[in-house]
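Undergrad:
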Amino acid sequence: MLSELMEKLMLSSVWELGALILALAYLVLAAHQRQWCWLAAAVSCCVYASIFWDAKLYMESLLQVIYVLMAGYGWWQWRHQGSAVEENQRGHHYSLKWHLTQWTWVSVAAVITALLLQRYTDADAVWLDTFTTAFSLLATYLVTKKAMETWWYWLVIDSVYVYLYLSKGFVATAMLFVVYLALVVYAMYRWRVDDEPAAQAT
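Reading the sequence shown from the start, the letters are residues 1 to 202 in the UniProt record's numbering.
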């Protein structure tokens with residue numbers, strides 16, 4: 001099984017591997033709350049938008065385009081805010097009621113979008129593609145706000161992505177998301193450690 005995965009990895013395109021490296025750079029930099037993470041994200045997403053469009057994962061392709069826009073917003077937002085803990089004390093730690101409200105409208109929007117794609121396009125893996133796209137946008141918004149709970153979202157979303165990308169033959173990208181799962185746990189730890197001095201100072 002491992003040898004088969006490695007063989008498929010070697011067949012991955014240069015573009016996919018390049019986007020993979022930049023996507024890893026994004027998460028590592030984000031874990032350390034470095035603003036340059038957004039530049040790495042923007043370039044990676046531009047490449048992935050083209051790759052996913054060719055694979056008929058239209059919602060994933062659209063997601064990458066939106067990610068580029070959100071990367072710009074994230075760059076601007078991080079320039080004007082402090083650490084994750086500092087931001088949480090300014091109101092960027094969201095209540096369960098807030099999350100339930102977002103889950104409701106995001107799910108409704110995802111269902112409507114999936115039904116339209118299923119009826120009017122030749123999109124593949126419509127339901128997984130649409131729901132992961134919708135909730136990834138919500139999770140990315142939480143990253144721009146440096147809300148600690150964003151990492152819980154990514155643990156679930158990235159697990160689903162591993163299956164989705166393997167099923168589409170994007171072995172390198174699927175392996176990236178396996179690494180992502182470990183990095184998400186690291187990011188949760190890193191944000192808390194980095195922000196302990198800020199929390200103690202208040």
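Beta carbons are placed, not taken as given, at the ideal position from N, Cα and C, and that holds for glycine.
Which two residues bound the contiguous alpha helix (DSSP H) that contains Ala-41?
TA: Residues 37 to 54.
Undergrad: Going by C-alpha to C-alpha distance, which of Tyr-48, Ile-21, Leu-29, Trp-38 sits closest to Tyr-165?
TA: Looking at the Cα atoms, Tyr-48 is the closest of the given residues.
Undergrad: Alpha carbon to alpha carbon, what distance is there between Leu-39 and Thr-133?
TA: Whole-angstrom Cα-Cα distance: 20 Å.
Undergrad: From Phe-52 to Trp-15, what distance separates their C-alpha atoms?
TA: The alpha-carbon atoms of Phe-52 and Trp-15 are separated by roughly 12 Å.
Undergrad: Going residue by residue through the segment 121 to 149, where are the continuous alpha helix (DSSP H) segments of at least 4 residues, counting only ones entirely within it?
TA: List check, alpha helix (DSSP H) in window: 126 to 144.
Undergrad: What's the C-alpha gap between Leu-176 and Leu-62?
TA: The alpha-carbon atoms of Leu-176 and Leu-62 are separated by roughly 20 Å.
Undergrad: Going by the C-beta, is Ala-23 closer than 7 Å to any heavy atom of the ligand MN?
TA: Only the bare structure without any ligand can be found here, which leaves the ligand MN out of the picture.
Undergrad: Below 8 Å on the Cβ atoms is my guess for Ala-187 versus Trp-151; work out the distance and round it to an integer in Å.
TA: Yes, Ala-187 and Trp-151 are in contact; Cβ-Cβ is about 6 Å, under 8 Å.
Undergrad: Where do the ends of the alpha helix (DSSP H) carrying Leu-17 lie?
TA: That run of the alpha helix (DSSP H) goes 14 to 31.
Undergrad: For Gln-118, which residues in the same chain have their Cβ closer than 6 Å to its Cβ, ignoring the five residues on either side in sequence?
TA: Contacts found: Val-126.
Undergrad: Consult DSSP for Phe-177 and reduce its assignment to one of helix, strand or coil.
TA: It is helical.
Undergrad: So, do the segment 96 to 106 and the segment 71 to 79 have three or more beta carbon pairs nearer to each other than 8 Å?
TA: No contact exists between the segment 96 to 106 and the segment 71 to 79.
Undergrad: Starting from Gly-74, follow the alpha helix (DSSP H) in both directions and report where the run begins and ends.
TA: Here the alpha helix (DSSP H) through Gly-74 covers 58 to 79.
Undergrad: To the nearest angstrom, report how far apart Met-148 and Ile-66 are at their CA atoms.
TA: Going by the C-alpha atoms only, they are around 22 Å apart.
Undergrad: Excluding the five sequence neighbours on either side, which residues of its own chain have a C-beta within less than 8 Å of the C-beta of Arg-124, listed in chain order?
TA: Contrary to the premise, residue 124 reads as Asp rather than Arg in this sequence. For Asp-124, where only same-chain residues beyond five positions count, the Cβ hits under 8 Å are Ala-55, Lys-56, Leu-57, Lys-168.
Undergrad: Out of curiosity, what's the CA-to-CA distance linking Leu-17 and His-80?
TA: Roughly 33 Å separates the two Cα atoms.
Undergrad: Would you verify that the beta carbon of Val-14 is, or is not, closer than 8 Å to some beta carbon of chain C?
TA: No chain C appears in the structure shown, which is made up of a single protein chain.
Undergrad: Where does Trp-105 land, buried or exposed, given buried means 16+ other C-beta within 10 angstroms?
TA: With fewer than 16 other Cβ atoms within 10 Å, it is exposed.
Undergrad: Looking only at its chain, what residues have a beta carbon closer than 6 Å to the beta carbon of Asn-88, apart from the 5 residues adjacent to it on each side?
TA: The predicted position of Asn-88 is uncertain, since its pLDDT is 46 and thus under 50; a value taken from the coordinates is nonetheless stated next. Within the same chain, Asn-88 has no close Cβ partners at all.
Undergrad: What distance in whole Å lies between the Cβ atoms of His-93 and residue 204, which are believed to be in contact at a cut-off of 8 Å?
TA: Residue 204 lies beyond the residue range present for the chain, which begins at 1 and ends at 202; the question has no answer from this structure.
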